[in-house]
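Read the structure below first, then the notes.
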Amino acid sequence: MKATKWTTRVLQTPADHPFVSGIPQPGTREFVTLELDTDEGIQGIGITFFGGPLTGALRSAVDSLCELVIGEDPTQVEAVVDKLRLAASGAGPEGIFTLALSAIDMAMWDIKGKALNQSVCSLLGGHRDRVVTYASGALMRPFNLEFMADMAPKLVGDGFPTR
Numbered sequence: 391m392k393a394t395k396w397t398t399r400v401l402q403t404p405a406d407h408p409f410v411s412g413i414p415q416p417g418t419r420e421f422v423t424l425e426l427d428t429d430e431g432i433q434g435i436g437i438t439f440f441g442g443p444l445t446g447a448l449r450s451a452v453d454s455l456c457e458l459v460i461g462e463d464p465t466q467v468e469a470v471v472d473k474l475r476l477a478a479s480g481a482g483p484e485g486i487f488t489l490a491l492s493a494i495d496m497a498m499w500d501i502k503g504k505a506l507n508q509s510v511c512s513l514l515g516g517h518r519d520r521v522v523t524y525a526s527g528a529l530m531r532p533f534n535l536e537f538m539a540d541m542a543p544k545l546v547g548d549g550f551p552t553r
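Heads up: the sequence shown begins at 391 in our numbering, then just goes up one per residue.
As structure tokens, then:
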């Protein structure tokens with residue numbers, strides 16, 4: 391199987407809570423979506439999010455990395471990811487490279503699951519009865535203190551641990 395083409399789009403959705411920062415933020419979120427196609431007619435879907443004014447840069451990063459995926463076997467997820475990490479010349483485990491890579495990684499796992507007629511959950515080790523969760527995403531955004539003070543007890547009430 392070979393990756394043959396890709397399509398990226400920017401998807402804008404309503405925001406649950408607008409960001410608070412020095413730059414006015416719209417009441418929307420922009421996601422970069424990826425459709426990765428193969429020569430066997432299987433399409434994998436991936437999505438990533440950066441937020442703010444760098445959504446276009448994130449889309450460009452996904453497009454640039456996808457150029458390196460064309461002709462590769464997307465069911466060989468780890469090998470393709472290694473190739474992309476090497477091409478990034480030690481970009482490190484965070485930042486826009488990793489966000490772009492996450493959409494491609496997701497799309498390749500989707501392709502692999504479809505090709506093998508298995509859920510991605512099964513490919514990654516199967517379901518679990520419990521998963522420890524955390525809610526740092528709701529608190530690490532640049533929200534004002536009043537919002538965070540309101541949100542913290544609600545998250546605890548929803549069952550998120552405080553440790």
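Note that the Cβ used here is the ideal one computed from N, Cα and C, for glycine as well. What you are looking at is a predicted structure, and each value in this text was computed from that prediction instead of being measured.
By the neighbour-count definition (other C-beta atoms within 10 Å, threshold 16), L489 is a buried residue. Each of L476, S512 and W396 was checked against the Cα of I432, and the nearest Cα belongs to W396. Contact between the stretch 426-442 and the stretch 489-506 is established, with three or more Cβ pairs separated by less than 8 Å. Counting C-beta pairs closer than 8 Å gives fewer than three between the stretch 460-474 and the stretch 416-425, which falls short of the contact rule. Per the coordinates, the alpha-carbon of T438 lies some 15 Å from the alpha-carbon of A405. Every alpha helix (DSSP H) stretch that sits fully inside the stretch 427-509 and reaches 4 residues is listed by chain position as 445-459, 467-477 and 486-506.
Where L535 is concerned, the enclosing alpha helix (DSSP H) starts and stops at L535 to G547.
When beta bridges are read from the DSSP output, P404 appears opposite T418.
In this structure, L455 lies away from L401, with their beta-carbon atoms at least 9 Å apart. Close CB contacts of A478 within its chain, under the 6 Å cut and outside five residues either way in sequence, are with F487 (chain order).
Looking at the backbone, the Cα of S512 and that of N534 are separated by about 41 Å. Rounded to the nearest whole angstrom, the CA to CA distance from T423 to I501 is 15 Å.
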